[in-house]
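Peer 1: Here it is, the structure, as structure tokens.
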Amino acid sequence: MGSRVIPITLHPAESVILKSIDKLFSASAAANAVLLLLAWAAITLGVVGAVRADEFPPAPAGTFSLVVIPDTQHYKIKKKKVDNDAFESYVRWTVNNLRKQRVAFVSHVGDVVDVNERKQWAFARQTMDLLHGRVPYGISVGNHDMAASGDSSLFQEMFAASRFARFDWYGGYYRNPDGDFAHSGNNANSFQLFTAEGLDFIILHLECNAPDDVLDWADDILERHALRRAIITTHMGLGPRDRPKTPEDFFQSPKGRMTWKKCHGKRGNSPQKMWEKCFRKHANLFLICCGDQSRTQTMRQTARGVQGNFVHEVLSDYGEQGMRVMRFVPARNRIEVRTWNSLTNKFCTSTEFVPRPSEHQFSLLYKMTTSP
Ligand SMILES: [Zn+2]
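The working numbering numbers the first residue of the sequence shown as 22 and each following residue consecutively.
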């Protein structure tokens, strides 16, 4: 309702380069990967030099990164133990690159677990603990992370608000006035504050299909921090606009902001309702990160809030094919989004579902040289 969706605008140079890369796509994937790396080097570093396909160039001074970890629900049983190579790899890579990529924040889009059971949660907690105390982070509770009713007790047990209370970047969480913590309480909806390169940010992590009481809280938090640049991570966002009825619908039906939901029964809000009731009202909001749709994998659109602000909505759900590093370049008013597979140490430039390289490596325009 009322939101105007406009096509994404790339930096002119990057746009031209990516278009030619798309045209060249009939060439080998390896050739494309090299071209893309050269393009990136030319745009961000100002030099075209020897860039290795297996090396993620460091973030230059004056920039910083937001790491987005997509759905990590790909658990396996190895030697009778729960294992998850991709989850561990994404987190370890992040820990090892905190300085090199100037990581300011790590955001998990949810579906941390596949089955809402103690064994997978224990693995998730142990894995996320590698980041704990080393970098600010937040988690959006996905539909797999709670019961369909919205009960997220196990998440709350493993990632309780009390674990974060000592961190100065931890802003707080939604307290259910009914005292019913199982639903929506105790860090299931949280916010964090961080500052990078002199820019102040607030990031909210909202559970999948957050009900009205949670959205009222989010409104209040965003208003109270109106002078900070705002990001929201919430599990469901972009994908098939209407609820798919057949497996083919996941691929073929029209895509956009989803109008259907998975959790919280009648109380739950679809991504479209969350936008209408809360997100579009806030002038400081510029970015919404989501996951959930592994058959869409990557998608983005830019909408306009009611106060005229541009809001980038970005879906990342790559399974074992990659994570996202969003490099903020304030001097150029750009966010360079890179999809990186730490399992193979290569940029993800093409997938079976989404062959176009420019869907995996792209830039977003966002004014950082002026006040929010
Ligand atoms: Zn999901």
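Note that the Cβ used here is the ideal one computed from N, Cα and C, for glycine as well.
Are the CB atoms of T267 and E229 within a distance shorter than 8 Å?
Peer 2: Residue 229 sits at position 208 when you count from the first residue of the sequence shown. Residue 267 sits at position 246 when you count from the first residue of the sequence shown. In the sequence as displayed, the identity of residue 229 is Cys instead of Glu. No; because the gap between Cβ atoms is not below 8 Å, this pair is not in contact.
Peer 1: So within the region 102–167, which uninterrupted alpha helix (DSSP H) runs reach at least 4 residues, ignoring any that extend past its ends?
Peer 2: Correct list: 106–117, 139–149.
Peer 1: Measuring only the C-alpha atoms, how far is N105 from T391?
Peer 2: One-based indexing of the sequence shown puts residue 105 at position 84. One-based indexing of the sequence shown puts residue 391 at position 370. Spanning the two alpha carbons is a distance of roughly 42 Å.
Peer 1: Measure how close the beta-carbons of A209 and S173 come, nearest whole angstrom, since I'm counting them as under 8 Å.
Peer 2: For this step, residue 209 is matched to residue 188 along the sequence shown. For this step, residue 173 is matched to residue 152 along the sequence shown. Correct: roughly 5 Å between the Cβ atoms.
Peer 1: Hey, could you find the ends of the beta strand (DSSP E) F212 is sitting in?
Peer 2: If you number the sequence shown from 1, residue 212 lands on position 191. Unbroken beta strand (DSSP E) run through F212: 211–217.
Peer 1: With V235 as the anchor, note down where its beta strand (DSSP E) starts and where it stops.
Peer 2: Translated into the one-based positions of the sequence shown, residue 235 becomes position 214. Taken as a continuous stretch (DSSP letters only), V235 belongs to no beta strand (DSSP E), being part of the alpha helix (DSSP H) at 233–245.
Peer 1: H165: beta carbon under 7 Å from a heavy atom of ligand 1?
Peer 2: In the sequence shown, counting from the first residue as 1, residue 165 sits at position 144. Flag set: Cβ of H165 near ligand 1.
Peer 1: Would you mind stating whether Q94 and D135 have Cβ atoms separated by less than 8 Å?
Peer 2: By one-based count along the sequence shown, residue 94 stands at place 73. By one-based count along the sequence shown, residue 135 stands at place 114. Contact flag set, yes.
Peer 1: Note down, one range per segment and in chain order, each beta strand (DSSP E) of at least 3 residues found wholly within the region 314–359.
Peer 2: Fully enclosed beta strand (DSSP E) runs of 3 or longer: 319–325, 331–337, 344–350.
Peer 1: Tell me the rounded alpha-carbon separation between V103 and G326.
Peer 2: Residue mapping note: residue 103 aligns to position 82 of the sequence shown, counting from 1. Residue mapping note: residue 326 aligns to position 305 of the sequence shown, counting from 1. In a straight line, the C-alpha of V103 is about 43 Å away from that of G326.
Peer 1: Look at the alpha carbon of P81 and the alpha carbon of T372, and state the distance between them as a whole number of angstroms.
Peer 2: Taking the first residue of the sequence shown as 1, we reach residue 81 at position 60. Taking the first residue of the sequence shown as 1, we reach residue 372 at position 351. Spanning the two alpha carbons is a distance of roughly 29 Å.
Peer 1: If we ignore side chains and look at the alpha-carbon of each, how far apart do I224 and G312 end up?
Peer 2: For this step, residue 224 is matched to residue 203 along the sequence shown. For this step, residue 312 is matched to residue 291 along the sequence shown. Taking the straight line from one Cα to the other gives about 16 Å.
Peer 1: CA-CA distance, G286 and A169?
Peer 2: Translated into the one-based positions of the sequence shown, residue 286 becomes position 265. Translated into the one-based positions of the sequence shown, residue 169 becomes position 148. Spanning the two alpha carbons is a distance of roughly 7 Å.
Peer 1: Counting pairs of Cβ atoms below 8 Å between the region 269–289 and the region 211–225, do you hit three or more?
Peer 2: The region 269–289, when compared against the region 211–225, does not touch it at the 8 Å Cβ threshold.
Peer 1: Could you tell me if the beta carbon of D172 falls within a distance shorter than 7 Å of some heavy atom in ligand 1?
Peer 2: The count along the sequence shown starts at 1 and reaches residue 172 at position 151. Outside the cutoff, so no.
Peer 1: Among the candidates A145, W361, M389, whose CA atom is the shortest distance from the CA of N354?
Peer 2: Here the question's residue 354 lines up with position 333 in the sequence shown. It is M389.
Peer 1: Compare the C-alpha of P79 against each of D234, R262, L119 and name the closest.
Peer 2: The residue given as residue 79 occupies position 58 in the sequence shown. Nearest of D234, R262, L119 to P79, Cα basis: L119.
Peer 1: What residue from G154, V346, M320 has the CA that sits closest to E334's CA?
Peer 2: Taking the first residue of the sequence shown as 1, we reach residue 334 at position 313. When each option's Cα is compared against that of E334, the closest is M320.
Peer 1: In its own chain, which residues sit with a C-beta less than 8 Å from the C-beta of I252, not counting the 5 before and 5 after it?
Peer 2: Counting from 1 along the sequence shown, the entry for residue 252 is found at position 231. So the qualifying residues of the chain are L87, S128, F222, I223, I224, L225, L306, F307, L308, I309, C310.
Peer 1: Return the residue from the list D338, L243, N164 that minimises the CA-CA distance to A304.
Peer 2: Against the sequence shown, residue 304 aligns to sequence position 283. Checking every option, the nearest Cα to that of A304 belongs to L243.
Peer 1: Measure how close the beta-carbons of V346 and S384 come, nearest whole angstrom, since I'm counting them as under 8 Å.
Peer 2: As a first step, residue 346 is located in the sequence shown; it is residue number 325 there, counting from the start. As a first step, residue 384 is located in the sequence shown; it is residue number 363 there, counting from the start. Not really, about 13 Å apart at Cβ, beyond 8 Å.
Peer 1: Confirm, please, whether the CB-CB distance from S205 to G171 is below 8 Å.
Peer 2: Along the sequence shown, one-based indexing puts residue 171 at 150. Along the sequence shown, one-based indexing puts residue 205 at 184. In this structure, S205 lies closer than 8 Å to G171 by Cβ.
Peer 1: Identify whether L248 lies in helix, strand or coil by the three-state DSSP scheme.
Peer 2: For the purposes of this step, residue 248 is taken as the residue at position 227 of the sequence shown. Of the three classes helix, strand and coil, the one that applies to L248 here is coil, per DSSP.
Peer 1: Assuming G343 contacts N330 under a Cβ cut-off of 8 Å, what Cβ separation, rounded to an integer in Å, is found between them?
Peer 2: For the purposes of this step, residue 343 is identified with residue 322 of the sequence shown, where counting begins at 1. For the purposes of this step, residue 330 is identified with residue 309 of the sequence shown, where counting begins at 1. So it is not a contact: roughly 29 Å between Cβ atoms.
Peer 1: Please report the straight-line C-alpha distance between E76 and T370, rounded to a whole angstrom.
Peer 2: For the purposes of this step, residue 76 is taken as the residue at position 55 of the sequence shown. For the purposes of this step, residue 370 is taken as the residue at position 349 of the sequence shown. Cα-Cα distance, rounded: 14 Å.
Peer 1: Please report the Cβ distance between L175 and N137, rounded to the nearest whole angstrom; I am assuming they are in contact, meaning their Cβ atoms lie under 8 Å.
Peer 2: Here residue 175 corresponds to residue number 154 of the sequence shown, with the count starting at 1. Here residue 137 corresponds to residue number 116 of the sequence shown, with the count starting at 1. That pair is a contact at about 6 Å.
Peer 1: Looking at the structure shown, is D270 part of a helix, part of a strand, or coil, going by DSSP?
Peer 2: Translated into the one-based positions of the sequence shown, residue 270 becomes position 249. Three-state DSSP puts D270 in a helix.
Peer 1: State yes or no: is the C-beta of D132 nearer than 7 Å to some heavy atom of ligand 1?
Peer 2: Taking the sequence shown and counting its residues from 1, one reaches residue 132 at position 111. Yes, the beta carbon of D132 sits closer than 7 Å to at least one heavy atom of ligand 1.
Peer 1: Would you kindly work out how many angstroms separate the C-alpha atoms of T323 and L151, rounded to a whole number?
Peer 2: In the sequence shown, counting from the first residue as 1, residue 323 sits at position 302. In the sequence shown, counting from the first residue as 1, residue 151 sits at position 130. T323 and L151: Cα-Cα distance of roughly 34 Å.
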